[in-house]
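J.: Those sequence lines, one after another, are chains P, L and C. Just so we're aligned: 53 in the UniProt record's numbering is position 53 of the first sequence, and the numbers increase by one with no gaps anywhere. Just so we're aligned: 604 in the UniProt record's numbering is position 604 of the second sequence, and the numbers increase by one with no gaps anywhere. Just so we're aligned: 93 in the UniProt record's numbering is position 93 of the third sequence, and the numbers increase by one with no gaps anywhere. Could you have a look at this structure, given as structure tokens, before my questions?
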Amino acid sequence: MPTILTVDDSPSVRHVVKTVLSGAGYTVIEAGDGAEGLAKAKSTPVNMIITDLNMPVMNGLELIKNLRKVPSIVGIPIVFLTTESSDGTKQEAKAAGATGWITKPFKPEQLLAVVSKLVRK
Amino acid sequence: MIDLDAAAIYRQEAGELLDSLEGSLLDLGQTPADRTLVDQAFRALHTIKGSGAMFGFDQVAAFTHDFETAFDLVRRGTVPVTQDLVSLALAAKDHIRSLIETPDEADATVGRTILANLQILVARPGSIAEPPVEAAIAPDAGSSETAGAGWRMTIAFAPEVLRNGTDPLALLDELRGLGPCTVVALTDSVPDLGALEPQDLHLQWSVTLRGDCPREAIDDVFMFVLDDMKLDLTPLGVEPSGETVAAAAPELVIAESTPLPVASTPATPPEPQKARTADKVEPPRRADDKVSTSVRVQAERLDELMDRVGELVIAQARLSQLAHTRNDGGIQAIAEEIERLASGLRDTTMGIRMVPIGSLFARFRRLIHDLSRDLGKPVEFVTSGEDTELDKTMIERLADPLVHLIRNAIDHGIENPERRAKAGKPPVGRIELLAQHVGAQVMVTVRDDGGGLDTTRIRAKAEEQGLIVPGTTLSDAEVHQFLFHPGFSTAQTVSALSGRGVGMDVVKRTIEALRGSIDVSTELGHGSAMSLRLPLTLAIIEGLLIRVGDSRYIVPLSMIEECVELPADQARGRNFLNIRGGLVPFLRLRDLFDAPGEPDAHQKIIITSVGDARVGLVADQIIGSHQTVIKSLSKLQSDATMFSGATILGDGSAALILDVAQLVAIGQLKAETETMTRAA
Amino acid sequence: MTDVQANDGSMQVLMIGLGDEIFAVEASIVREIIDPVPVTRVAGAKPFLPAVMNVRGNVIPLADLRIRFGMPCTADGGDTRIVVIELTINDDPVVVGIIADKVYEVTELSKSSAQPTPRVGLRWKPEYIRFIAKWNDEFIIVPDMERILN
């Protein structure tokens, strides 16, 4: 079953992501900031990473940039969560190597749609 | 799918975020130029908004959004941080809290007023006109196009899409989901093997999609990469330039059902990616190898755990006692082992319940900010010892007493700027809140650099209220104790905040209920300090087991200075003891407790202290130290003030815990009377 | 206090003996009946609440109603028991052990046999009595425990 890493400083967001995705059969692991996310992505094989952009310690943009430098993460979908749907942020994140984004607030089915679009079971 | 739990998690999380927001805002009031603080505040708002909307806290999300939009101008440096802005932001924070916690009582007009004021504050040419961010999200309404017959398209992704996690094959599969497709791979731009960058995508595709399908559905498929790719779309039936593309590579036309040709081409990029994915799934998953460093536990569970540990400690004491009476080395060894384990478990459990007091301190910064503004007394707030840990229940119960002491310090302690100027003091007053370990206790001090307590006035008031006979000799410390007398207030003007004479007695009672005590120290003209001494935990204490007559009692070890033998010549007569040159009054517990029978030949004195006051307690026997699990006394016996609680001994009987603060007070009073009687 | 009475006006009570009198305690407030345990005297408490004791890990007060009612206190005999009751006083649950010289039986007192408090021949203060009922041709006092203990 695919493993998905959710990186967010908000436990409630992680909770939702975890609830929705594990309900759909994915294995979900969590990290509370970018640094922890990077460490987990390196130590655990994951099939997709969902990250917030606005986080302490290491923000989402830096996380994405750093992740793409890790050989095993190249080609793994990285989706960022964003409330600002300004194109600037999106372009910046995509330039950093993001695959896609989910606009907060999201409904469970929107999250599932994006995940199933990018991860093959 | 989102359970009720989630809303509770959000509430708790938002609560913490609001606390942190408050901290950042208050810090900003001190150092308005600090960008990290602005960013912190912004991030907190951002998360409150984002998660709020997700959990159905729509009002929260809407209000926070507007607030955040205005605050964004601050973040960008367009609008400076001012005291007004900080105050308004704090009000907004309060409003968000009420929207989350008591949405039914939250007043929408309050929210609108805050936002309106915020608009005025941040209003600058151009800033108000800024469109709300949501406007940008609105879908492009006018672009709806449909092609009844279908579409012909050429798809050219950016070369780096594979590295960035997009799987073109999956997207082609998605297209197939929209209708029957004919997919043709275009290999024109695939370079020679030598020049081929394996992680780049060089293929393009030509797709013919048949069926009634709106253009947006196709855009949706490519939503994440649409901006970076070339997607030429022509409705079927219209002869486009794209037709020539499809015609350019007729040999690669594949039926829909056949696997995509690219997969079999070794040099094409998707292959290594797929291989990697397969590799990655195989090794045993170690998702839990580094579990997060903290867990949330409901407070009740901690209380329950503590109760269980308390029962264990009592049972262990019984076991030890029983093992002692048996001449069985094996059982004694086990009893000792269990004693060691139980005391380890007790320490760990109590450790879990320990919380740094800083979380409590942070709440007062707002209080001081508001009081300082309302009373027109500028105040600098200094804290130290935030890391000092106390039992969480203790911290909760300390909040109200500290609020009271801090209010008093600003309201009565700190003088207004004019008076400070006259006294040659700096215009800004200073309130210090300190926590530190003092032996087995924690001392929390509220200190101000204000006018200090006016002992003469307190005394006059006490006489006026008939609490003392005029002319009575009293030390300053004793006079200050009147502050804690119910209904006692010396404030000449009764302000809305304090000076109504309610409170200080409640403060004292609360602290004593926590088995703590209050010391007052003051210097006229230079300020005063209220020091609360508190035990580290409420649940289990180290005690000294003593015997008085035929009953056993516990004295909290933290309040004992030393134990000495009562000199034979003092077994009768004066109730003072000379301890290294200082006269210490002592109380005969036998008399106080009305114990039957004759006292033991060699009586012991346990010297206890509360603050600077020392009192000796005379007992028949000192039995030894005892792990004391504190059980409260029934309120039916609340008039037994000499005891702060009870515990259960190894033999299963109950023993009372002495309320040392109370006994010291009794002893001091008795000493006074005796001194005066002798003087008279 | 009507909540302890069943709809048909009857109530279950525990009959206990104190000195030469017999009282009824509503069965619904009785938690358990135990043999006497060692008690610890509490100096400074009310005379009729002279001690505490350990009952299943909790320290609860011991109430001696004989002192409350000015009856002679006899030494504990073989029939002496402690009746542990739980009451609500000022909205707080309160657990108390009451000394009984003898515990008789649980029985049903019917409301129809309940008498208004007589004004005659009782050392009881009327406010301590919920009502008096007739049982086996005897007058039985159902005391108001909340008032007596508070």
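Just so you know, even glycine gets a beta-carbon here, dropped at the ideal spot from N, CA and C.
Tell me, please, whether the CB atom of L/Ala640 is closer than 8 angstroms to any CB atom in chain C?
T.: Sequence index remark: in the second sequence, residue 640 of chain L carries index 640 (1-based). L/Ala640 counts as touching chain C.
J.: Which residues, in chain order, does the segment 85-98 of chain C contribute to contact with chain L at a C-beta distance below 7 angstroms?
T.: Listed by position along the chain: Asp92, Val94 and Val96.
J.: Using a Cβ-Cβ cutoff of less than 8 angstroms, which residues in the same chain neighbour P/Leu112 once the five nearest sequence positions on both sides are dropped?
T.: In the first sequence, counting from the first residue as 1, residue 112 of chain P sits at position 112. Result list for P/Leu112: Val20, Leu21 and Ala24, in chain order.
J.: Under three-state DSSP, which class holds L/Leu514?
T.: Residue 514 of chain L sits at position 514 when you count from the first residue of the second sequence. Three-state DSSP puts L/Leu514 in coil, outside helix and strand.
J.: Excluding the five sequence neighbours on either side, which residues of its own chain have a C-beta within less than 7 angstroms of the C-beta of L/Arg547, listed in chain order?
T.: On the second sequence, position 547 is the one that residue 547 of chain L refers to. Answer for L/Arg547: Ala619, Asp620, Gln621 and Ile623, listed in chain order.
J.: Measure the alpha-carbon distance for L/Glu672 versus L/Arg614 and round it to whole angstroms.
T.: Start at 1 with the first residue of the second sequence, and residue 672 of chain L comes out as number 672. Start at 1 with the first residue of the second sequence, and residue 614 of chain L comes out as number 614. About 13 angstroms.
J.: Residues of chain L with CB closer than 7 angstroms to the CB of P/Asn54, please, in chain order.
T.: As a working mapping, residue 54 of chain P is identified with position 54 in the first sequence. Ordered by position in chain L, the residues that pass the 7 angstroms Cβ test against P/Asn54 are Arg43 and His46.
J.: Output yes if chain L places a C-beta closer than 8 angstroms to the C-beta of C/Ile82; else output no.
T.: Looking up residue 82 of chain C in the third sequence gives position 82. It does not; no Cβ of chain L falls within 8 angstroms.
J.: Might you give, ordered along the chain, the residues of its own chain that have their beta carbon closer than 6 angstroms to the beta carbon of L/Ala92, omitting 5 neighbours on each side?
T.: On the second sequence, position 92 is the one that residue 92 of chain L refers to. Only Phe67 and Ile114 meet the Cβ criterion.
J.: Mind reading off the beta-carbon distance from L/Pro535 to L/Gln441? Whole number of angstroms is fine, and I expect it under 8 angstroms.
T.: Looking up residue 535 of chain L in the second sequence gives position 535. Looking up residue 441 of chain L in the second sequence gives position 441. Yes, they are in contact, since the Cβ atoms of L/Pro535 and L/Gln441 sit about 6 angstroms apart, within 8 angstroms.
J.: With a threshold of 8 angstroms, are at least 3 pairs of Cβ atoms found where one atom belongs to the segment 363-381 of chain L and the other to the segment 326-339 of chain L?
T.: These segments do not touch.
J.: Could you name the residues of the segment 34-57 of chain C whose beta carbon sits closer than 9 angstroms to any beta carbon of chain L, in the order they occur along the chain?
T.: Flagged, chain order: Val37, Pro38, Val39, Thr40, Arg41, Val42, Ala43, Gly44, Ala45, Lys46, Leu49, Ala51, Val52, Met53, Asn54 and Gly57.
J.: For L/Thr647, does the three-state DSSP call read helix, strand or coil?
T.: The count along the second sequence starts at 1 and reaches residue 647 of chain L at position 647. Three-state DSSP puts L/Thr647 in a strand.
J.: Hey, would you say L/Ile630 sits closer than 8 angstroms to L/Ile540, going by beta carbons?
T.: Taking the first residue of the second sequence as position 1, residue 630 of chain L is located at position 630. Taking the first residue of the second sequence as position 1, residue 540 of chain L is located at position 540. It is a contact, given that the beta carbons lie within the stated cut-off.
J.: With respect to the beta strand (DSSP E) encompassing L/Arg210, which residues constitute its N-terminal and C-terminal limits?
T.: Numbered from its first residue, the second sequence carries residue 210 of chain L at position 210. Per DSSP, L/Arg210 belongs to the beta strand (DSSP E) from Gln204 to Arg210.
J.: Check L/Gly616 in the structure and name its three-state DSSP category.
T.: Looking up residue 616 of chain L in the second sequence gives position 616. Strand.
J.: Within a Cβ cutoff of 7 angstroms, which residues of the same chain sit near L/Gln482, ignoring the five residues on either side of it in sequence?
T.: Your numbering for residue 482 of chain L matches position 482 in the second sequence. Here residue 482 of chain L is Phe; the residue named in the question, Gln, does not match the sequence. The answer, listed in chain order, is Ile458, Ala462, Leu467 and Phe488.
J.: Mind the definition here: the segment 21-29 of chain C touches the segment 50-59 of chain C only if three or more C-beta pairs lie below 8 angstroms; say whether that holds.
T.: As far as the Cβ criterion goes, the segment 21-29 of chain C does not touch the segment 50-59 of chain C, which means the pair count is below three.
J.: State yes or no: is the C-beta of L/Val110 within less than 8 angstroms of the C-beta of L/Ala70?
T.: Position 110 of the second sequence, counting from 1, holds the residue named residue 110 of chain L. Position 70 of the second sequence, counting from 1, holds the residue named residue 70 of chain L. Cβ distance not < 8 angstroms, so L/Val110 and L/Ala70 don't count as in contact.
J.: Measure the alpha-carbon distance for L/Gly165 versus P/Ala98 and round it to whole angstroms.
T.: Locating residue 165 of chain L in the second sequence gives position 165, where the first residue counts as 1. Locating residue 98 of chain P in the first sequence gives position 98, where the first residue counts as 1. So the two alpha carbons sit approximately 8 angstroms from each other.
J.: Output yes if chain P places a C-beta closer than 8 angstroms to the C-beta of L/Tyr10; else output no.
T.: For this step, residue 10 of chain L is matched to residue 10 along the second sequence. Closer than 8 angstroms: yes.
J.: Quick check: what's the CA-CA separation for L/Ile9 versus P/Arg68?
T.: Within the second sequence, the letter at position 9 stands for residue 9 of chain L. Within the first sequence, the letter at position 68 stands for residue 68 of chain P. Roughly 32 angstroms separates the two Cα atoms.
J.: Would you report the Cα separation of L/Asp228 and L/Thr64, rounded to the nearest angstrom?
T.: If you number the second sequence from 1, residue 228 of chain L lands on position 228. If you number the second sequence from 1, residue 64 of chain L lands on position 64. Cα-Cα distance, rounded: 33 angstroms.
J.: Look up L/Gln436 in the DSSP assignment and give the residues it is bridged to.
T.: Mapped onto the second sequence, residue 436 of chain L falls at position 436. Note: L/Gln436 sits in a beta bridge opposite L/Met443.
J.: Whole angstroms is fine: what's the gap from L/Gln83's alpha carbon to L/Ile120's?
T.: As a first step, residue 83 of chain L is located in the second sequence; it is residue number 83 there, counting from the start. As a first step, residue 120 of chain L is located in the second sequence; it is residue number 120 there, counting from the start. Distance between the alpha carbons of L/Gln83 and L/Ile120 is about 14 angstroms.
J.: Which residue from L/Gly645, L/Gln668, L/Arg397 and L/Val660 puts its Cα closest to that of C/Val42?
T.: Locating residue 42 of chain C in the third sequence gives position 42, counting from the first residue. Of L/Gly645, L/Gln668, L/Arg397 and L/Val660, the residue nearest in Cα terms is L/Gly645.
J.: Can you list, in chain order, the residues of its chain whose CB lies under 6 angstroms from that of P/Pro77, leaving out five sequence neighbours each side?
T.: Within the first sequence, residue 77 of chain P is the residue found at index 77, counting from 1. Met48, Thr99 and Leu118, listed in sequence order.
J.: Going by DSSP, which residues form a beta bridge with L/Leu636?
T.: Here residue 636 of chain L is taken as the residue at index 636 of the second sequence, counted from 1. Answer is none; L/Leu636 lacks a bridge partner.
J.: Does L/Leu544 get closer than 8 angstroms to chain C when you measure Cβ to Cβ?
T.: If you number the second sequence from 1, residue 544 of chain L lands on position 544. No - not a single Cβ of chain C is within 8 angstroms of the one on L/Leu544.
J.: Under 7 angstroms between beta-carbons, which chain L residues line up against P/Asp22? List them in chain order, please.
T.: Along the first sequence, read from residue 1 onward, the residue named residue 22 of chain P stands at position 22. Residue identity check: residue 22 of chain P is Ser in the sequence provided, not Asp. Simply none; closest approach about 10 angstroms.
J.: What does the alpha-carbon distance come out to for the pair L/Met394 and C/Ile141?
T.: Here residue 394 of chain L is taken as the residue at index 394 of the second sequence, counted from 1. Here residue 141 of chain C is taken as the residue at index 141 of the third sequence, counted from 1. Each residue's alpha carbon lies about 45 angstroms from the other.
J.: Between L/Leu390 and L/Val355, how many whole angstroms is the CB-CB distance? I'm expecting something under 8 angstroms.
T.: Looking up residue 390 of chain L in the second sequence gives position 390. Looking up residue 355 of chain L in the second sequence gives position 355. That pair is a contact at about 7 angstroms.
J.: Could you spell out where the alpha helix (DSSP H) holding L/Met350 opens and where it closes?
T.: As a working mapping, residue 350 of chain L is identified with position 350 in the second sequence. Run containing L/Met350: Gly329 to Ile352, per the alpha helix (DSSP H) assignment.
J.: Counting along the chain, where does the alpha helix (DSSP H) carrying P/Ser43 start and finish?
T.: Stepping through the first sequence from its first residue, residue 43 of chain P is reached at position 43. Start and end: Gly34 to Ser43.
J.: Inspect the beta-carbon positions of L/Val438 and L/Arg533 and report whether they are closer than 8 angstroms.
T.: Walking along the second sequence from the start, residue 438 of chain L turns up at place 438. Walking along the second sequence from the start, residue 533 of chain L turns up at place 533. Contact: yes.
J.: Whose Cβ in chain L lies nearer than 7 angstroms to the Cβ of C/Leu149?
T.: As a first step, residue 149 of chain C must be located in the third sequence, where it is residue number 149. Those are Leu636, listed as they occur along chain L.
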